[in-house]
Every structure is written in structure tokens, then in C-alpha cells.
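Everything on this sheet refers to the single structure shown next.
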Amino acid sequence: IDDTGQVVGVDNVSLNVKQGEICVLKGLSGSGKSSLLRTVNGLNDISRGSLKIKDGDDMVELSNCDEQKLRHLRTHRVSM
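Put into C-alpha cells, the structure is as follows:
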């Protein structure tokens, strides 16, 4: 909970998962695991900062993707 009383599930996350690595999120109920996964999959908006996903040789900025590109990334690059 922040200074205004708002619940903050995910704040100031930095994560670098390389190709072939498996990342596990572990935490208590309500700690933001699902929110983080939904954000990585483009299902939640990013309020600040950036999220980049490697697609072939390109680094794709998630906030610049249209729905077709997001579907491609969800299907071929990110899973949950």
C-alpha cells in the first residue's frame, strides 16, 4: 500500500530472462505474480518504464505493438 492508500501489486520490476531460460515467480497471494505475467503478455497496461521482448533479431517495445503483434508474441515468445 502506497502513501495514498492505493494497493501497489507490482512496482519497479527489472527482469532479464534469456532465451532458453525458465523463470519462476513465487510469492504470497496478492503479491503481484499474475499482474506481472499479464503485463509481460500485453494484457495489462504498463504505467511507466518499458517492456521489451526479443522477437528474432529484433527487440520489440511492447507498448508500441498492435493486437496482431501482441498475439504473435504471446504465441511464439512468451507463455504463462
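Reminder that position 61 of the sequence shown reads as 61 in the UniProt record's numbering, one-by-one numbering, no gaps. We treat Cβ as the ideally placed atom computed from N, Cα and C, and that holds for glycine.
Q | Backbone secondary structure at residue 86 - three-state DSSP | A | What is shown of the chain runs 1 to 80, which leaves residue 86 out entirely.
* For Glu61, write down the residues that DSSP places opposite it in a beta bridge. => Lys52
**Request:** Confirm, please, whether the CB-CB distance from Ile53 to residue 91 is below 8 Å.
**Result:** Because the chain here runs from 1 to 80, residue 91 falls outside it and cannot be looked at.
If I'm right that Gly27 touches Lys33 with Cβ under 8 Å, what's the distance once you round it to whole angstroms? 5 Å
CA-CA distance, Asn44 and Asn16? 19 Å
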